[in-house]
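For the sequence shown, counting from 1, position 237 maps to 237 in full-length UniProt numbering; every step adds exactly one. Below is one structure; the comments refer to it alone.
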Amino acid sequence: MSRNILILPGDGIGPEITAEAVKILEAARDGGLDVALTEGKVGGAGYDAAGHPLPPATLDAAKAADAILLGAVGGPKWDKIEDISLRPERGLLGLRKELELFANLRPAILYPQLAEASSLKPEVVSGLDIMIVRELTGGIYFGQPRGIETRDGQRVGYNTYVYSESEIERIGRTAFELAQKRNKKLCSVDKANVLEVTMLWREVMERIAADYPDVELTHMYVDNAAMQLVRAPKQFDVMVTGNMFGDILSDEASMLTGSIGMLPSASLNADGKGMYEPCHGSAPDIAGQGIANPLATILSVAMMLRYTFNETAWAERIEKAVGVVLDEGLRTADIAYAGTRKVSTSEMGDAVLAAFKAQL
Ligand code: NAD
Ligand code: IPM
Ligand code: MN
């Protein structure tokens with residue numbers, strides 16, 4: 001039976017970038033990879049079509065799918081929706097929570113051809129290969145109580161930063177296991193000098209470290225980690241952190257690789273089922289112009305083939321095709337610089353497709 005992939009383009013540049021990734025998936029299917037593609041609506045598109053950012057039909061399709069590819073959600077059009085549970089972002093958060101996609105892997109890898117595109121000096125970033133492991137279904141994003149209410153005549157807004165030991169342990173074990181397959185260095189990022197929740201985080205990481213004697217565990221406060229990422233990023237191998245710190249640090253790390261348009265992600269549950277998406281958002285400032293970088297989404301497909309379907313050879317073909325196109329000097333605007341050839345979203349997608357097909 002074919003493996004079923006649900007495509008959720010979403011909003012803004014979402015449809016533009018997923019269209020390029022779908023071209024690759026269709027070519028893989030035509031080349032013998034056993035997959036079937038279906039499409040659904042999420043985010044603002046879900047709200048417009050069905051009155052909810054995660055329509056029941058989409059949630060059902062997501063639960064039934066073997067893997068999901070999501071573009072991006074959100075945009076100014078929906079920022080004024082009064083009931084925040086109906087905002088596009090809640091569609092994405094709902095999918096993560098409902099499918100228990102607690103492990104978010106965000107690899108910041110510098111393609112050598114893009115050393116000049118990074119905002120840091122080439123020698124600081126050359127050879128960069130960091131895996132950020134972000135907890136995705138807990139922490140301050142989901143903690144209760146939360147809300148905005150009136151107290152003593154003024155409105156107050158509040159959220160709760162909470163993690164249970166079991167939540168910390170499962171993301172910790174995911175990170176240790178990844179570190180075992182890499183350079184065996186794990187840096188846990190917290191704010192244990194101030195926040196009890198991350199004191200517990202540090203304690204649990206220390207406890208489970210005993211089960212991974214071959215991995216060197218270090219701890220770093222998040223403010224220092226943000227600084228170290230731009231000072232000397234190659235000191236890191238695997239980083240593990242909570243939901244919000246991981247969100248922020250991964251956007252920061254993306255610039256080391258040249259652009260946020262280069263950073264893919266995998267969001268996995270305990271069975272390895274996953275949702276795959278670029279780390280960036282719907283980029284309303286460039287939506288509809290055909291200039292967005294589709295590579296983060298295309299590389300997210302490679303992650304899908306590797307992590308959910310164990311199709312390493314197919315994943316490598318995609319990654320290699322991206323390398324070929326970068327070798328040819330093709331660049332979307334976000335990674336373009338003097339001496340390279342600026343191309344549109346679909347020109348970039350077509351070039352990757354051609355380099356991919358050349359390997360079939
Ligand atoms: P953003 O990531 O959408 O954009 C930040 C900047 O990066 C913009 O200048 C944008 O043009 C640029 N950029 C992003 N992706 C790019 C690409 N592929 N190619 C070239 N340039 C790219 O973040 P934002 O502006 O803070 O948020 C915009 C909307 O996206 C908001 O509604 C936000 O909630 C949503 N968002 C969604 C996701 C998601 O769906 N996973 C992630 C982040 C933000
Ligand atoms: C991301 C995004 C989301 C997050 C938003 C859109 C809910 O920024 O995927 O990084 O904060 O997790
Ligand atoms: Mn983010």
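The C-beta atom is built at its ideal place from N, Cα and C for all residues, glycine as well.
- Here the distance from the Cβ of residue 89 to the nearest heavy atom of the ligand IPM is below 6 Å.
- Counting only unbroken stretches of 3 or more residues, the beta strand (DSSP E) elements lying wholly within the region 220-281 are 238-241, 266-268, 274-276, in sequence order.
- If you draw a straight line from the Cα of residue 133 to the Cα of residue 239, it comes to about 6 Å.
- Ranked by how close their Cα comes to the Cα of residue 234, the residues 51, 125, 59 have 125 in first place.
- The beta carbons of residue 176 and residue 212 sit about 4 Å from each other, so the pair counts as a contact at 8 Å.
- Counting other Cβ atoms within 10 Å of its Cβ, residue 194 stays below 16 and is therefore classed as exposed.
- Taking the Cα of residue 300 as reference, the smallest distance to any Cα among 17, 12, 55 is reached at 17.
- Within the DSSP secondary-structure output, residue 131 pairs in a beta bridge with 107, 238.
- Sequence-distant partners of residue 4 (beyond 5 residues in either direction) whose C-beta falls short of 6 Å from its own C-beta, in its chain, are 36, 65, 66.
- Among the bridge pairs identified by DSSP, residue 157 is matched with 148.
- Straight-line spacing of the CA atoms in residue 84 and residue 146 works out to 12 Å.
- Within the region 68-104, complete alpha helix (DSSP H) segments of at least 4 residues are found at 88-98, given in chain order.
- Per DSSP, reduced to three states, the secondary structure at residue 35 is strand.
- Three or more pairs of CB atoms, one per stretch, sit closer than 8 Å, so the region 67-75 contacts the region 89-99.
- The beta-bridge partner set that DSSP reports for residue 7 consists of 39, 69.
- Proximity of the region 11-26 to the region 282-295 meets the contact definition, three or more beta-carbon pairs being nearer than 8 Å.
- DSSP places residue 190 inside the beta strand (DSSP E), whose first and last residues are 185-190.
- 7 Å or more divides the Cβ of residue 278 from the Cβ of residue 303.
- DSSP links residue 330 through a beta bridge to 341.
- For residue 353, the secondary structure class from DSSP, reduced to helix, strand or coil, is helix.
- Under DSSP, residue 16 forms no beta bridge with any residue.
- Distances between the C-beta of residue 83 and the heavy atoms of the ligand MN are all 6 Å or more.
- Under a 10 Å Cβ-count criterion, residue 104 is classified as buried, with 16 or more other Cβ atoms of the shown protein chains found around its own Cβ.
- When the beta-carbon positions are compared, residue 144 and residue 327 stay at least 7 Å from each other.
- For residue 291, there is no enclosing alpha helix (DSSP H), as DSSP marks it with neither H nor E.
- Contact between residue 46 and residue 55 holds: CB atoms are separated by about 5 Å, below the 8 Å threshold.
- Note on geometry: alpha-carbon atoms of residue 255 and residue 59 lie some 33 Å from one another.
- Cβ-Cβ distances below 7 Å link residue 259 to 117, 293, 334, 335 in the same chain, with the five nearest sequence neighbours on each side left out; the list follows chain order.
- Counting the other Cβ atoms within 10 Å of the Cβ of residue 136 gives 16 or more, which makes it buried.
- Boundaries of the alpha helix (DSSP H) around residue 44: 44-50.
- DSSP, reduced to helix, strand and coil, places residue 174 within a helical segment of the structure shown.
- Relative to the non-hydrogen atoms of the ligand NAD, the Cβ of residue 94 never comes closer than 6 Å to any of them.
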